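Residue numbers (numbering that gives the first Met the number 0): 0 to 406. Think of the CB as a built atom: it goes at the ideal place given N, C-alpha and C, for glycine as much as any other residue. Treat the numbers as computed from the prediction; the structure is a model and nothing was measured.
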Amino acid sequence: MSAEVADKDYDGTRAIDPASVTVHFGNLANGDSIPSTHYFIGGEFGNASAGQDKLVEINIVLFPESLSYYNYNLTDNPASATASINRSNLLVIPDDGQSKGYRESDPVLTFTTRPEGRESTLSGSLDREAGEDMGSYKFNLGTLSNDNYDNITLDTRNDTVQFAVTKYDPKIIWPDYAELYEGQSLSEAVLADHLSDKSGKFVFERATVVPIATSAYTLLFIPVDTAFCNAKEAVVKVNVIKAGLKTLDISDGTLTPAFNPGILKYTVTVPAYAATLTITATADAATKVDGGGQTTIALKGDTTVFIKATLKNGKAKETIYTIAISGGKQPEGTEQIVVGSLKVYPSVTTGIVNIESATGNVPEVKVYDLTGKQRLIKRTNLIDLSAYPQGMYFLQAEGKAIKVVKR
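This is the structure:
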C-alpha cells in the first residue's frame, strides 16, 4: 500500500485533510478495487511549520467487513508520503466597538482573522495609533507576526472600525439609602456610605422635592471634570424620619382603629358610667410628647383630644394625633325612666336610685348585673349602689326591667 498527499496552505496545525490523500493498494486480483467508503484515513505532518516536501505519516484502517469480503491482509500500514505546507496570506480584522475611558490604561486589543480561527498562530499584539485625548484612533498590526505567512495585512475596514478614547466612567459605590426629617427637601438628605474614584458631588435629581413618606429617588453623581468624566445616576431609597408615637393606650373603652404610628385619627366610645378617661402615649427617646405622654380628662359629653409629638432636635415638623371621644358621664339626676307604673331616677348615678310606683305600694326590687347574677332583692323605694362596682345593672320590679348605670 502507498499514498499520495496533496499540499496545503499553512494553518498552524499538523493535520491533513483525508480528502487530500490518494491511496494505492498493491497485489489486488485482476478487476478488484477497494472503494474509499471501506476504509478510514488518518495522519499528520511531522510539524506544523511551512516547508517543502515534508514527511507525512499515513494510517489506513480497513473496516473488518472489507477485509473478510476481499480476503486480503493489509501488510504495509502505516504508509509514508511527502507534501508541502505552503506559506499563505493572513488578514487581521480588529473587533468593532473597542474603547477605553479617558486616562485609563489600554485594554488588550482583540481581533479575528481570515482564514478564520488563526488568531492563536500569531505572536505579539495588535496596536493602535498613539494618543490619549478623547477621539478615534486607527488600528495597526503592532507586533503581530509569524514567519510562516507570506503577508499579514490589516483589514481595509480600519478606516471605519477604530479604537475610541471616551469620557471616563467613574467607579462608584452608591449609598444603600438616604435619610431626612419630615418637612426637609431632598437637598437636605444625609447619604449612607458612598464613594467615587473621581472628584465630584452626589445630588438628588429633584433636589427641591419634600418627600412625605419613604420612597425611591434618582441620585446623581456630577464630576468636577465634566469635560472628561461622565455623570452617573442610580435609584436610592430615601427614608423619611417622622415624629411619632410608639404606643397609645386608653383607660376605658376601645380605640378605633387599632393604634398604628402612621394613623393619626382615632375615635373612642366610653361607657356611660365613666367620669374620666386617661390617655397614655409613649414615644422613642428622640421624640417628645406634649404633657409628658399622659393626660386625664373629665368626661362631660363628646370631646376631642389632641396629642402632639415632636422630635427633640426640632428638625421634623410636629405630628398631631386626634382622638374623638363620645359617651362617658351623664349629668346625674337629669334623666328618669318611666315604665308602666314605675318611675326610676336617676338612671345614671354614683349611688342612690329612687323607685316609685304609681300604685302607692312599695315595690319589691331585684338588682342583676350584666352576668345575670342577682345582687339584691328588697322591698324599697330607694336602692344604694355606691358599694357596687361601676357598670350597668338591671332593676326588676312589678314585672318590669329597667337599666341603670353606676359610675
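For residue i, does the count of other Cβ atoms within 10 angstroms reach 16, so buried, or fall short, so exposed?
i: Ile-172; result: exposed
i: Ser-346; result: buried
i: Pro-330; result: For Pro-330, the predicted structure reports a pLDDT of 49, less than 50, and the residue's modelled location is therefore unreliable. A value from the coordinates is still provided. The residue is exposed, with fewer than 16 neighbouring Cβ atoms inside 10 Å.
i: Leu-218; result: buried
i: Pro-210; result: buried
i: Val-91; result: buried
i: Met-60; result: Checking the sequence shown, residue 60 turns out to be Val, not Met. Exposed, since its Cβ has fewer than 16 Cβ neighbours within 10 Å.
i: Asn-476; result: The structure shown has nothing for residue 476, since the chain only spans 0 to 406.
i: Val-263; result: This sequence places Leu at residue 263; Val is not what is there. Exposed.
i: Leu-247; result: buried
i: Arg-117; result: buried
i: Leu-369; result: exposed
i: Gly-199; result: buried
i: Phe-203; result: buried
i: Pro-34; result: exposed
Which residue from the options puts its Cα closest to that of residue i?
i: Gly-371; options: Val-361, Tyr-167, Leu-247 and Phe-393; result: Phe-393
i: Ala-297; options: Lys-241, Asp-289, Ile-278 and Ala-308; result: Ile-278
i: Ile-15; options: His-37, Ala-28 and Glu-43; result: Glu-43
i: Val-269; options: Ser-325, Phe-203 and Asn-312; result: Ser-325
i: Phe-110; options: Thr-286, Glu-178, Arg-156 and Lys-170; result: Arg-156
i: Lys-402; options: Leu-341, Asn-238, Asp-149 and Leu-247; result: Leu-341
So who's on the other strand from residue i, going by DSSP bridges?
i: Ile-59; result: Ile-40
i: Asp-8; result: Asn-85
i: Lys-377; result: Val-364
i: Phe-220; result: Phe-201 and Lys-231
i: Met-0; result: According to DSSP, Met-0 bridges with nothing at all.
i: Val-237; result: Ala-177 and Ser-214
i: Ile-296; result: Leu-276
i: Ser-119; result: None, per the DSSP bridge assignment.
i: Gly-371; result: Note: Gly-371 sits in no beta bridge, so no partner.
Can you list, in chain order, the residues of its chain whose CB lies under 7 angstroms from that of residue i, leaving out five sequence neighbours each side?
i: Gln-389; result: Tyr-272, Lys-405 and Arg-406
i: Arg-205; result: Leu-185 and Tyr-216
i: Thr-275; result: Thr-295, Ile-296, Ala-297 and Leu-298
i: Asn-147; result: Tyr-9, Ser-48, Ala-49 and Arg-86
i: Lys-316; result: Glu-181 and Gly-182
i: Asp-251; result: Val-269, Pro-270, Ala-273 and Leu-276
Return the chain-ordered list of same chain residues with a C-beta closer than 6 angstroms to the C-beta of residue i, the five sequence neighbours on each side being excluded.
i: Ala-82; result: Val-4, Asp-6 and Val-55
i: Glu-128; result: Tyr-136 and Lys-137
i: Ala-2; result: Val-20, Val-22, Ile-57, Ala-78 and Ala-80
i: Ala-280; result: Leu-244, Leu-247, Val-288, Gly-292 and Ile-306
i: Ile-319; result: Phe-305 and Lys-307
i: Thr-302; result: Ile-324
Starting from the C-beta of residue i, find all residues in its chain whose C-beta is less than 8 angstroms away, skip the five residues before and the five after it, and write them out in chain order.
i: Thr-333; result: For Thr-333, the predicted structure reports a pLDDT of 48, less than 50, and the residue's modelled location is therefore unreliable. A value from the coordinates is still provided. Around Thr-333: Pro-345.
Give the C-beta separation of residue i and residue j to the nearest angstrom, bearing in mind that I take them to be a contact with Cβ-Cβ under 8 angstroms.
i: Gly-339; j: Lys-399; result: 5 angstroms
i: Ser-415; j: Thr-142; result: This structure does not reach residue 415, given that the chain is present from 0 up to 406, and the question cannot be answered.
i: Ala-230; j: Phe-220; result: 6 angstroms
i: Asp-168; j: Gly-100; result: 5 angstroms
i: Ala-285; j: Leu-310; result: 6 angstroms
With 8 angstroms as the threshold, decide whether the Cβ of residue i is near any Cβ in chain D.
i: Ala-285; result: Given the protein chain composition of this structure (a single chain), no chain D is represented.
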